[in-house]
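Residues 4 to 673 (the numbering used here) are what the sequence shown spells out, left to right.
Step one of this worksheet: look at the structure below.
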Amino acid sequence: MRRGLGATVEEDRPKGSSATSSGSLEKPEVLRLYRKLMLARRAEERIRQEYGKDEMKTPVHLGIGQEAIPAGVCSAVPPGTTFFGTYRNHALFLALTEDSDRLFGELYGKVTGTAKGKAGSMHLGAPADGLMATSAVVGTTIPVAVGVALANQYRQSDALVVSFFGDGAVEEGVFWESFNFACLKKLRLLFVCEDNGLAIHTPADQRQGFRSLPEAARGFHCHVASGDGSDLLSVVALTRQMLERMAKEVRPGLLHFTYFRFLEHVGPREDFDAGYRPRPSDEERQRLDPVTRLERALCQSGCRPEELAVIRKAVEEQLERSVRSARAAPFAPEEELIRDVFSVDGQPSATDIRPPRCPGRGEPKQVLSFRRAINLALEHEMDDDPTVFVFGLDVPDHKRIYGSTRGLVERFGPRRCFGTPLSEDAMTGVALGAAISGLRPVHVHIRVDFLLLAMNQIANMVSTLRYMSGGTLRIPLVIRAVLRASIRDDNPVIFLEHRWLYDVEGEVDEGHVAPLESSLVRRAGKDVTAVCTSWMVIEAMKAAEVLARRGIELEVIDVRTITPLDEQTIVDSVKKTRRCVVADYDWVFCGFSAEIAALVGARCFGELAQPIERLGFAHVPCPTTRPLENLFYPSAVTIIRTVERMLELEEADVTGESFYSYEQRFKGPF
Numbered sequence: 004m005r006r007g008l009g010a011t012v013e014e015d016r017p018k019g020s021s022a023t024s025s026g027s028l029e030k031p032e033v034l035r036l037y038r039k040l041m042l043a044r045r046a047e048e049r050i051r052q053e054y055g056k057d058e059m060k061t062p063v064h065l066g067i068g069q070e071a072i073p074a075g076v077c078s079a080v081p082p083g084t085t086f087f088g089t090y091r092n093h094a095l096f097l098a099l100t101e102d103s104d105r106l107f108g109e110l111y112g113k114v115t116g117t118a119k120g121k122a123g124s125m126h127l128g129a130p131a132d133g134l135m136a137t138s139a140v141v142g143t144t145i146p147v148a149v150g151v152a153l154a155n156q157y158r159q160s161d162a163l164v165v166s167f168f169g170d171g172a173v174e175e176g177v178f179w180e181s182f183n184f185a186c187l188k189k190l191r192l193l194f195v196c197e198d199n200g201l202a203i204h205t206p207a208d209q210r211q212g213f214r215s216l217p218e219a220a221r222g223f224h225c226h227v228a229s230g231d232g233s234d235l236l237s238v239v240a241l242t243r244q245m246l247e248r249m250a251k252e253v254r255p256g257l258l259h260f261t262y263f264r265f266l267e268h269v270g271p272r273e274d275f276d277a278g279y280r281p282r283p284s285d286e287e288r289q290r291l292d293p294v295t296r297l298e299r300a301l302c303q304s305g306c307r308p309e310e311l312a313v314i315r316k317a318v319e320e321q322l323e324r325s326v327r328s329a330r331a332a333p334f335a336p337e338e339e340l341i342r343d344v345f346s347v348d349g350q351p352s353a354t355d356i357r358p359p360r361c362p363g364r365g366e367p368k369q370v371l372s373f374r375r376a377i378n379l380a381l382e383h384e385m386d387d388d389p390t391v392f393v394f395g396l397d398v399p400d401h402k403r404i405y406g407s408t409r410g411l412v413e414r415f416g417p418r419r420c421f422g423t424p425l426s427e428d429a430m431t432g433v434a435l436g437a438a439i440s441g442l443r444p445v446h447v448h449i450r451v452d453f454l455l456l457a458m459n460q461i462a463n464m465v466s467t468l469r470y471m472s473g474g475t476l477r478i479p480l481v482i483r484a485v486l487r488a489s490i491r492d493d494n495p496v497i498f499l500e501h502r503w504l505y506d507v508e509g510e511v512d513e514g515h516v517a518p519l520e521s522s523l524v525r526r527a528g529k530d531v532t533a534v535c536t537s538w539m540v541i542e543a544m545k546a547a548e549v550l551a552r553r554g555i556e557l558e559v560i561d562v563r564t565i566t567p568l569d570e571q572t573i574v575d576s577v578k579k580t581r582r583c584v585v586a587d588y589d590w591v592f593c594g595f596s597a598e599i600a601a602l603v604g605a606r607c608f609g610e611l612a613q614p615i616e617r618l619g620f621a622h623v624p625c626p627t628t629r630p631l632e633n634l635f636y637p638s639a640v641t642i643i644r645t646v647e648r649m650l651e652l653e654e655a656d657v658t659g660e661s662f663y664s665y666e667q668r669f670k671g672p673f
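Here is the structure:
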């Protein structure tokens, strides 16, 4: 136990150890903290006052009772620290920025807000002040914080990262995935749990099967401490103490603070009459209120009430100006809707602007397998750019099952190519964090069905963070020619490689970097257009070969990039042939083929000779027995029969043709 100016600190530490003294806070510093505390409190009380007017069109999760935790932690950490938070983030934002103008601008949805009104209350950010991201989805920013800490370690930087989260996030698998990886890598990352004992309305004893988070965390290689989140001075002291421990032995730290949430989960009211928790007494309110406790500590240390009154008056005047300014500010112009989606050369862009074409090296073409082409592309990019690194499950590929990352560990070392835990969701968030830190991570998922475990990060963070930041963040992330362009691009790219392609060989220009927005006409024709993705290009080329013997010309288009999509190549082809079949290696219902059909239907409506045909998987789960599997997948024969039907031709006998055999060529084991 240690006492500063009105502070009492309790630490979780091994028996026999003692707390190290960081010194008491001086009065000017405590008064600055009081101002931050009052700014957060009065800002949220002003939100309560204004919210009923229905001018703020965003949900608000108010943190009255919680303000001491972000104020104390943020004041104790060194300059240059990076922060991530939750949807209950107003106090964190103000602790770092004290900028109530941008806060209220965002709450009112105005162009003066943190993201020009695009993000709302739950996605506040201020990268220039260290607050990289907050999110409406519980736990989603935690792995991103781990990724920033990994990037710091990659650059051999001592910069600190702080991740705030609530006790409900501890029930998310992504928390433990992230916590495990941070401890495994010994990252300089401070986890801060703001524990109000409730997840919406459900108490912890009805949700958690462990006694406490600090106790559960001690099984990991990390520092652990817990304290009273209603006592700002204790928060400061405990945070400083934790940083001293982390400096002596570099590994993550976990600070667990308890506090009382005075208001409803979302909204401006109290809800003690709802029956899920008792109403605190007046005495309990004073004990649980961080503002009351700090004021009492200040008065006990000799601070005059007039000094505090001056601070409160200045805060009220600031907030009045901010609210007036936000209400008077304009909404974002209409063109702002499509801005901040993509980045071009690190600059904000509209959705219809694409990255420029990259020059090639000019080497002669050579015949390579698909797997070797990928491998070579990774080698070249890692040679050319030290910020590129490759990681993912079983990336070292010791048994050479895939071969696309073969030899990278030996050539570049375990710092730039390494395997990861079985944690798809967290590792995708880690890749995002590394990307917004300026690295160019290539995150390998060895199966697309495993990739589905990461859809929370992909859908809720990777694809939206640039937009939600108002265009301030770049995300050069590749979730695995086009691969090289993907790595060089300043936007997140999912590079899907079908395993059946690995042994396919073709001519490769080593130095060529294909533009992302390009589709290729693999074979010209005049009768029918086949718009194909992935392996269906191979099947369509075989179908075109068979059909050509009957005088039928099938034009095959290889759609290499779904977004951005090269629409013009497709439209020009269909206008020429007047017939279109879309062959996608996916389920047809709600799939990519529907998008192509809609595009062709809209832009070629008057020139189509007949309805568009769509080919894809059978509308069932994928079977594993070979006879049923062969019926499940579309093939060259499927394309041939479709073209014959479109042209009203009799079915040709194809029994003598040599088609692809799954059994003979696919080696597995996955």
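Just so it is clear, CB atoms sit at the ideal spot from N, CA and C, and this is done for glycine as well.
field: Backbone secondary structure at Gly528 - three-state DSSP
entry: Here the question's residue 528 lines up with position 525 in the sequence shown. Correct three-state label for Gly528: coil.
- prompt: From what residue to what residue does the alpha helix (DSSP H) around Met245 run?
  reply: Counting from one through the sequence shown, the residue named residue 245 turns up at place 242. It spans Leu235 to Lys251 - the alpha helix (DSSP H) in which Met245 sits, taken as one unbroken run.
- request: Would you mind reading off the limits of the beta strand (DSSP E) that contains Asp589?
  value: Against the sequence shown, residue 589 aligns to sequence position 586. Element bounds for Asp589: Cys583 to Trp590.
task: Have a look at Cys593 and Lys316 and give me their C-alpha separation to the nearest angstrom.
output: As a first step, residue 593 is located in the sequence shown; it is residue number 590 there, counting from the start. As a first step, residue 316 is located in the sequence shown; it is residue number 313 there, counting from the start. Approximately 57 Å between the Cα atoms of the pair.
- prompt: Can the beta-carbon of Val149 be found less than 8 Å from the beta-carbon of Gly422?
  reply: As a first step, residue 149 must be located in the sequence shown, where it is residue number 146. As a first step, residue 422 must be located in the sequence shown, where it is residue number 419. In this structure, Gly422 does not lie closer than 8 Å to Val149 by Cβ.
- prompt: Mapping DSSP to helix, strand and coil, what is Thr390?
  reply: Residue mapping note: residue 390 aligns to position 387 of the sequence shown, counting from 1. The answer is coil: DSSP assigns Thr390 none of H, G, I, E or B.
query: Near Gln350, which residues of its chain fall below 8 Å by C-beta distance, leaving aside the five closest residues on each side in sequence?
result: As a working mapping, residue 350 is identified with position 347 in the sequence shown. Low confidence applies here, because Gln350 scores a pLDDT of 49, under 50, leaving its location unreliable; read the following figure in that light. Here the set comprises nothing.
Run of the beta strand (DSSP E) containing Ser229, from where it starts to where it stops: Locating residue 229 in the sequence shown gives position 226, where the first residue counts as 1. From DSSP, the beta strand (DSSP E) with Ser229 extends over His226 to Asp231.
Beta-carbon proximity list for Thr261, same chain, < 6 Å, skipping 5 on both sides: Looking up residue 261 in the sequence shown gives position 258. Asp198 and Gly232.
- request: Could you say which of Phe86, Leu187, Ala329 and Lys579 lies nearest to Phe608 if we only look at CA atoms?
  value: Position 605 of the sequence shown, counted from the first residue, corresponds to residue 608. Among Phe86, Leu187, Ala329 and Lys579, the Cα nearest to that of Phe608 is on Lys579.
Close beta carbons around Leu611, own chain, < 8 Å, minus the five adjacent residues each side: Within the sequence shown, residue 611 is the residue found at index 608, counting from 1. Once the five neighbours on either side are set aside, the close Cβ partners of Leu611 are Val577, Arg581, Arg582, Cys583, Val603 and Gly604.
message: Tell me the DSSP secondary structure of Thr11 in three-state form.
response: Position 8 of the sequence shown, counted from the start, is the residue given in the question as residue 11. Residue placement at Thr11 cannot be trusted, given a pLDDT of 40 that sits under 50; what the coordinates show is reported in the next sentence. If DSSP states are grouped into helix, strand and coil, Thr11 belongs with the strands.
query: Excluding the five sequence neighbours on either side, which residues of its own chain have a C-beta within less than 6 Å of the C-beta of Arg606, listed in chain order?
result: For the purposes of this step, residue 606 is identified with residue 603 of the sequence shown, where counting begins at 1. So the qualifying residues of the chain are Val574.
- request: Let me know the secondary structure DSSP gives Ala546 once reduced to three states.
  value: Along the sequence shown, one-based indexing puts residue 546 at 543. In this structure, Ala546 counts as helix in the three-state DSSP scheme.
task: Have a look at Pro143 and Arg563 and give me their C-alpha separation to the nearest angstrom.
output: In the sequence shown, residue 143 corresponds to position 140, counting from 1. In the sequence shown, residue 563 corresponds to position 560, counting from 1. Note that residue 143 is Thr in the sequence shown here, rather than Pro. In a straight line, the C-alpha of Thr143 is about 30 Å away from that of Arg563.
- prompt: Would Gly108 be called buried (16 or more neighbouring beta carbons within 10 Å of its own) or exposed?
  reply: Position 105 of the sequence shown holds residue 108. Buried, since its Cβ has 16 or more Cβ neighbours within 10 Å.
- prompt: With respect to the beta strand (DSSP E) encompassing Val164, which residues constitute its N-terminal and C-terminal limits?
  reply: For the purposes of this step, residue 164 is taken as the residue at position 161 of the sequence shown. Looking at the DSSP string, the run of the beta strand (DSSP E) that includes Val164 is Val164 to Gly169.
- request: Starting from Gly133, trace the beta strand (DSSP E) both ways and give me its first and last residue.
  value: Start at 1 with the first residue of the sequence shown, and residue 133 comes out as number 130. Counting along the chain, Gly133 falls outside any beta strand (DSSP E), and DSSP gives it neither H nor E.
task: Apply the 10 Å Cβ neighbour rule to Pro281 and answer buried if 16 or more other Cβ atoms are within range, or exposed otherwise.
output: In the sequence shown, the residue the question calls residue 281 occupies position 278. With fewer than 16 Cβ atoms within 10 Å of its Cβ, Pro281 is classed as exposed.
- request: Please confirm whether Cys420 and Val433 have their CB atoms less than 8 Å apart.
  value: For this step, residue 420 is matched to residue 417 along the sequence shown. For this step, residue 433 is matched to residue 430 along the sequence shown. No; because the gap between Cβ atoms is not below 8 Å, this pair is not in contact.
From Gly474, Tyr636, Arg644 and Leu456, residue whose alpha carbon lies closest to that of Ala547: Within the sequence shown, numbered from 1, the residue matching residue 547 stands at position 544. Considering only alpha carbons, the answer is Arg644.
task: Could you check if Tyr279 is buried or exposed, using at least 16 other CB atoms within 10 Å of its CB as the buried criterion?
output: On the sequence shown, residue 279 is found 276 positions in, with the first residue counted as 1. Exposed.
query: Do you know offhand how far Thr628's Cα is from Ser407's?
result: Within the sequence shown, residue 628 is the residue found at index 625, counting from 1. Within the sequence shown, residue 407 is the residue found at index 404, counting from 1. So the two alpha carbons sit approximately 28 Å from each other.
task: Look at the alpha carbon of Thr431 and the alpha carbon of Arg243, and state the distance between them as a whole number of angstroms.
output: Sequence index remark: in the sequence shown, residue 431 carries index 428 (1-based). Sequence index remark: in the sequence shown, residue 243 carries index 240 (1-based). One C-alpha to the other measures close to 31 Å.
Inter-residue spacing [alpha-carbon to alpha-carbon] between Leu346 and Gly133: Within the sequence shown, the letter at position 343 stands for residue 346. Within the sequence shown, the letter at position 130 stands for residue 133. Sequence check: residue 346 is Ser here, not Leu. Their Cα atoms are separated by approximately 21 Å.
- prompt: Quick check: the region 120-130 against the region 91-105, are there 3 or more CB pairs under 8 Å?
  reply: yes
field: Sequence-distant residues of its chain with Cβ nearer than 7 Å to Glu319 (five each side left out)
entry: Within the sequence shown, residue 319 is the residue found at index 316, counting from 1. Arg45.
query: Given Leu163, which residues of its chain have a CB within under 7 Å of its CB, disregarding the five upstream and five downstream residues?
result: Residue numbering aside, residue 163 sits at position 160 when the sequence shown is read from its first letter. Excluding positions up to five away in sequence, the list reads Val80, Pro81, Thr84, Arg191 and Leu193.
query: Given Phe334, which residues of its chain have a CB within under 8 Å of its CB, disregarding the five upstream and five downstream residues?
result: Counting from 1 along the sequence shown, the entry for residue 334 is found at position 331. For Phe334, where only same-chain residues beyond five positions count, the Cβ hits under 8 Å are Gly112, Lys113, Val114 and Gly120.
- prompt: Which ranges would you report for the alpha helix (DSSP H) in the region 416-454 if only whole runs of at least 4 residues count?
  reply: 427-439 and 451-454
Rounded Cβ spacing between Arg526 and Met539 (contact assumed at less than 8 Å): Walking along the sequence shown from the start, residue 526 turns up at place 523. Walking along the sequence shown from the start, residue 539 turns up at place 536. Wrong, their Cβ atoms sit about 13 Å apart, outside the cutoff.
field: Neighbour-count burial assignment, Ile377, 16 or more Cβ in a 10 Å radius
entry: Against the sequence shown, residue 377 aligns to sequence position 374. Label assigned to Ile377: buried.
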